[in-house]
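Here's the structure we're looking at; comments come further down.
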Amino acid sequence: NRSIATLAITTLLKTGNESSIDRLMKQIQSFMSEIPDEFKIVVVRAIQGLCLKFPNKHDVMMNLLSTMLRDEGGYQYKEAIVNTIIAVIEANPSSQDTGLYHLCEFIEDCEHGVLATKILHLLGREGPKTPTPAKFIRYIYNRVILENSTVRAAAVTSLAKFGAVCPNLRPSVLVLLGRCLHDTHDEVRDRATFYLSVLESGDSGLVNQFILDTLQASIVGLQSLLVHYIANPASEPFNLNQVPITTAPAQVTPSSRTDEMITEAKKPTVPTKTRQEESAERIAQIPEFAALGPLFKSSPKPIELSESETEYYVRCDVHTFPQHLVLQFDVTNTLDDQQLENVTVEVVSDNYTVLGHLPCPQLVYNTPALVTLSSSYRTTLLWFPLHSRVTSSSSSRIVILIPVKLILLVMRMSMCWRIWI
Numbered sequence: 020n021r022s023i024a025t026l027a028i029t030t031l032l033k034t035g036n037e038s039s040i041d042r043l044m045k046q047i048q049s050f051m052s053e054i055p056d057e058f059k060i061v062v063v064r065a066i067q068g069l070c071l072k073f074p075n076k077h078d079v080m081m082n083l084l085s086t087m088l089r090d091e092g093g094y095q096y097k098e099a100i101v102n103t104i105i106a107v108i109e110a111n112p113s114s115q116d117t118g119l120y121h122l123c124e125f126i127e128d129c130e131h132g133v134l135a136t137k138i139l140h141l142l143g144r145e146g147p148k149t150p151t152p153a154k155f156i157r158y159i160y161n162r163v164i165l166e167n168s169t170v171r172a173a174a175v176t177s178l179a180k181f182g183a184v185c186p187n188l189r190p191s192v193l194v195l196l197g198r199c200l201h202d203t204h205d206e207v208r209d210r211a212t213f214y215l216s217v218l219e220s221g222d223s224g225l226v227n228q229f230i231l232d233t234l235q236a237s238i239v240g241l242q243s244l245l246v247h248y249i250a251n252p253a254s255e256p257f258n259l260n261q262v263p264i265t266t267a268p269a270q271v272t273p274s275s276r277t278d279e280m281i282t283e284a285k286k287p288t289v290p291t292k293t294r295q296e297e298s299a300e301r302i303a304q305i306p307e308f309a310a311l312g313p314l315f316k317s318s319p320k321p322i323e324l325s326e327s328e329t330e331y332y333v334r335c336d337v338h339t340f341p342q343h344l345v346l347q348f349d350v351t352n353t354l355d356d357q358q359l360e361n362v363t364v365e366v367v368s369d370n371y372t373v374l375g376h377l378p379c380p381q382l383v384y385n386t387p388a389l390v391t392l393s394s395s396y397r398t399t400l401l402w403f404p405l406h407s408r409v410t411s412s413s414s415s416r417i418v419i420l421i422p423v424k425l426i427l428l429v430m431r432m433s434m435c436w437r438i439w440i
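Residues in the sequence shown are numbered consecutively from 20, following our numbering.
Encoded structure:
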């Protein structure tokens, strides 16, 4: 059981000592390829706790995290690894150089722009403080060449911070920023022009104010004042000096909390309808099925009769009445150059009598439509002709034949369906 195995591994990580870390990392590396992403995230968080517990072993665990970054995985899994490496870098300064290098290797082949932007921001903040900051310039400028506009803009800001902190790298950074002036996106060009002008001025006060120092204002307070300024226009321009640097957290008094609870209790609860109730209401609105009686049972979920990548995607819902079965077919046309008209479904069975069907008058591109058919529990089979026409440049006649087995309670019925085009 993968969940039990994941729990066992995380328990070992939380209870292990420093001498057993090397052995645990080897076991985890072979185990990670066999579990889904949600279990991998649990293991990554356990590794983060182990890194903070034994900082002297950060090299071994960083190498494992770097290997995991190169493996296949979704966004949340990669985000958990990146956050773990950043947390280790912030908690253990000796791991800073190694951690930043692993993150630089990751953004060379990163498909998630949010993670690339986050790493570039970290490089601009921590990279200039390392013993050899010049080695990170190549990775940052590669993002200016290869990535989308959002990541390119973040890379330009990161380059400017290297030029602001490291005077020996400033001439090279100015050359790279000059190349960014010809970028296709205006945000990248504007940032490059601004940072280039500030760095070329040589004024340390301007460099610290506009490149190194972050916004000296509370984001919450800035948002509140901007909303008020927009709602109440004034003749004077917005003054950033009025924004407080910090904002006290909102205090929730017991009385206000009680009032909120009372208000929540007074809100009427809207009962959610079950799939059975929705099916009963939908069928009751069809006059042809009004005489079938009360609905006894509907299938718990639609039965897929074809693959979603096929030209016509078909699913079936089975509704059971006291003396009849109703088959509801959801048909989706995935061809943008064809339009079906008068679409019907033919069901062949040895144990049921087909009483009638409700055709779909028109089936346009990428719009699901319903084709409904009813049958009774008799052994005589009635045939209904199919008449459908497609508006297309093609005049060929295609027959789609899909055998299906529907299991409803204890009844089994073999059927097939055809759509003439």
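Think of the CB as a built atom: it goes at the ideal place given N, C-alpha and C, for glycine as much as any other residue.
Item                                                                                                                                                                                                    : Value
Per the DSSP calculation, T29 is bridged to which residue(s)?                                                                                                                                           : Partner(s): none; T29 has no beta bridge.
Using 8 Å as the cut-off, can you tell me whether the region 313-323 makes contact with the region 356-373, which would need three or more C-beta pairs spanning the two stretches below that distance? : no
Kindly indicate which residue of T169, L165, P147 has the alpha-carbon position closest to the one of L178.                                                                                             : P147
Output the distance between the C-alpha atoms of L374 and R301, rounded to the nearest integer angstrom.                                                                                                : 20 Å
So I40 and V62 are supposed to be a Cβ contact under 8 Å. How far apart are they, rounded?                                                                                                              : Incorrect: roughly 14 Å between the Cβ atoms, too far for contact.
If you drop the 5 nearest sequence neighbours on each side, which residues of the same chain put their C-beta closer than 7 Å to that of I105?                                                          : L141
What does the alpha-carbon distance come out to for the pair K97 and T176?                                                                                                                              : 24 Å
Closer than 6 Å by C-beta to F257: which residues in its own chain qualify, once you throw out the five before and the five after it? Chain order, please.                                              : Y248
Are the Cβ atoms of H121 and S85 separated by less than 8 Å?                                                                                                                                            : yes
Does the contact criterion of 3 or more C-beta pairs under 8 Å hold for the region 223-234 versus the region 194-205?                                                                                   : no
Since I126 contacts L119 with CB under 8 Å, what's their CB separation in whole angstroms?                                                                                                              : That pair is no contact at about 11 Å.
Given a cut-off of 8 Å, decide if T117 and I90 are closer than it, judged by their beta-carbon atoms.                                                                                                   : Reading the sequence as shown, one finds Asp at residue 90 and not Ile. Contact flag unset, no.
If you reduce the DSSP assignment to three classes, tell me which class Q115 lands in.                                                                                                                  : helix
Please state if the CB of A183 and the CB of L139 are separated by a distance shorter than 8 Å.                                                                                                         : no
Quick check on T103: buried or exposed, where buried means 16 or more other Cβ atoms within 10 Å of its Cβ?                                                                                             : buried
By the three-class DSSP mapping on this structure, what secondary structure does C129 have?                                                                                                             : coil
Cβ of V337 within 8 Å of Cβ of S318?                                                                                                                                                                    : yes
Please return the same chain residues whose Cβ sits closer than 6 Å to the Cβ of Y384, not counting the five positions on each side in sequence.                                                        : N352, D355
With F308 as the anchor, note down where its beta strand (DSSP E) starts and where it stops.                                                                                                            : Unbroken run through F308: none, as it is neither H nor E.
If contacts are defined as beta-carbon pairs under 8 Å, then R171 and V163 qualify, I think. What distance do you get, rounded to the angstrom?                                                         : 5 Å
Can you tell me where the alpha helix (DSSP H) with V192 in it begins and where it stops?                                                                                                               : 189-198
Could you check where the beta strand (DSSP E) with Y371 kicks off and where it finishes?                                                                                                               : Per DSSP, Y371 belongs to no beta strand (DSSP E) and is neither H nor E.
Strictly by DSSP, which residues pair up with S317?                                                                                                                                                     : H338
Tell me the DSSP bridge mates of V333?                                                                                                                                                                  : V350
Where does P74 fall in DSSP's three states?                                                                                                                                                             : helix
Determine the contact status of L377 and H343, defining contact as a CB-CB distance below 8 Å.                                                                                                          : no
Along the chain, where does the beta strand (DSSP E) that runs through V383 open and close?                                                                                                             : Taken as a continuous stretch (DSSP letters only), V383 belongs to no beta strand (DSSP E), as it is neither H nor E.
For E323, which residues does DSSP report across the bridge?                                                                                                                                            : R334
Please return the same chain residues whose Cβ sits closer than 7 Å to the Cβ of I28, not counting the five positions on each side in sequence.                                                         : I47, F50, V62
Could you give the DSSP three-state label for E255: helix, strand or coil?                                                                                                                              : coil
Please check the pair G93 and D128, which I expect to be a contact at CB under 8 Å, by giving their CB distance rounded to whole angstroms.                                                             : About 15 Å; that fails the 8 Å criterion.
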